[in-house]
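**Q** Sharing a structure here in C-alpha cells format.
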Amino acid sequence: MPSPKNIVILISGSGSNMAAIVQAAQQQDWQRESGARVAAVISNRPGAAGLQLAQSLGVATQVLDHRGFETREDFDAALMQEIDRHQPALVVLAGFMRILTPGLVHHYAGRMVNIHPSLLPAFTGLNTHQRAIDAGCVEAGCTVHQVTAELDHGPILAQAAVPVLPGDTADTLAARVLVQEHRLYPQAVCDWLKGQP
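As C-alpha cells, then:
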C-alpha cells in the first residue's frame, strides 16, 4: 500500500481557498483517486476564521503563533517541525500572510504551491487588483505557482483570467477573481498530485 500523499495547508485568515481544496478533495475522493488527503491546516494566527472552518470540514488544525518567536528563522524552524510531522507530499499556501525564509522554501522545494491574485509575472506582491485597474489592463486573474525563494516567481502551474470591467473597483474585481481562485486552486493541486508517483 503506497503511503498517503498528505497535504498540509497553511492559512492566516478566512481560509476560503483552503475550504475549496478540502471540499474538492472530499467530493472528488482524492484519497481513492490518487491516495491524497488534507492531513492538517496550520495557522500563524490564533483567531483565524479558517481554523473553525477546517474543523467543521473534519480536518485537524493547529496554531503556531508567529508572535511567540524572536526571529523569522525561529518561527520557520518550528513551522517546519509541525509540517513535517504530517510527512507532506505537498504544502499549500492559502492566504498564508508570511514572507518565508529561504531555509523553509528550500526544505519544501518542488512540493510547495501558492496562489497569487494576478496573472503572473504581472503584479507580484500586494494590491494586485488596484494595480491592474490603474494600468488599464483588460484582464486580471490568478496564478497557481510553485514557491521559490523569489516572491511570486516560481514555475506557473495554472492560471485563470477574468475581464476587467468598466467601473470595476479593486473590491469588485477581487470578488470575481476569488471565484476563479476557488475553482483553479483545487484543480491545480489535484493535477499536481496526479503527476506524483
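Count along the sequence shown from 1, then add 1031; that gives the number in this note's numbering. Ideal Cβ placement from N, Cα and C applies to all residues, glycine included.
1. Which same chain residues, not among the five before or five after valine 1195, have their C-beta less than 7 Å away from its C-beta?
2. If contacts are defined as beta-carbon pairs under 8 Å, then alanine 1085 and cysteine 1221 qualify, I think. What distance do you get, rounded to the angstrom?
3. Return the CA-CA distance between asparagine 1158 and leucine 1095, expressed in angstroms with no decimal places.
4. Between the Cα of threonine 1132 and the Cα atoms of Gln1227, Ala1120, Ala1109, His1117, which residue gives the shortest distance?
5. With valine 1144 and histidine 1176 assumed to form a contact (beta carbons below 8 Å), what rounded beta-carbon distance in angstroms separates them?
6. At what residues does the alpha helix (DSSP H) containing alanine 1055 begin and finish?
7. Three-state secondary structure (DSSP) at glutamine 1062?
8. Could one say the Cβ of leucine 1131 lies closer than 7 Å to chain D's Cβ atoms, at least one of them?
**A** Judging by the given coordinates:
1. Working through the sequence shown from its first residue, we reach residue 1195 at position 164. Closer than 7 Å at Cβ, skipping near neighbours: Ala1163, Ile1164, Cys1168, Val1169, Glu1170, Ala1171, Leu1204.
2. In the sequence shown, the residue the question calls residue 1085 occupies position 54. In the sequence shown, the residue the question calls residue 1221 occupies position 190. Wrong, their Cβ atoms sit about 18 Å apart, outside the cutoff.
3. The residue labelled residue 1158 in the question sits at position 127 within the sequence shown. The residue labelled residue 1095 in the question sits at position 64 within the sequence shown. Answer to the nearest angstrom: the Cα atoms are 27 Å apart.
4. Along the sequence shown, read from residue 1 onward, the residue named residue 1132 stands at position 101. Answer by Cα proximity: Ala1109.
5. Locating residue 1144 in the sequence shown gives position 113, counting from the first residue. Locating residue 1176 in the sequence shown gives position 145, counting from the first residue. Between histidine 1176 and valine 1144 the Cβ distance is about 7 Å, and since that is below 8 Å, they are a contact.
6. Taking the sequence shown and counting its residues from 1, one reaches residue 1055 at position 24. Segment 1047 to 1058, the alpha helix (DSSP H) holding alanine 1055.
7. As a first step, residue 1062 must be located in the sequence shown, where it is residue number 31. Glutamine 1062: helix per DSSP, three-state reduction.
8. The structure shown contains no chain D; it is built from a single protein chain.
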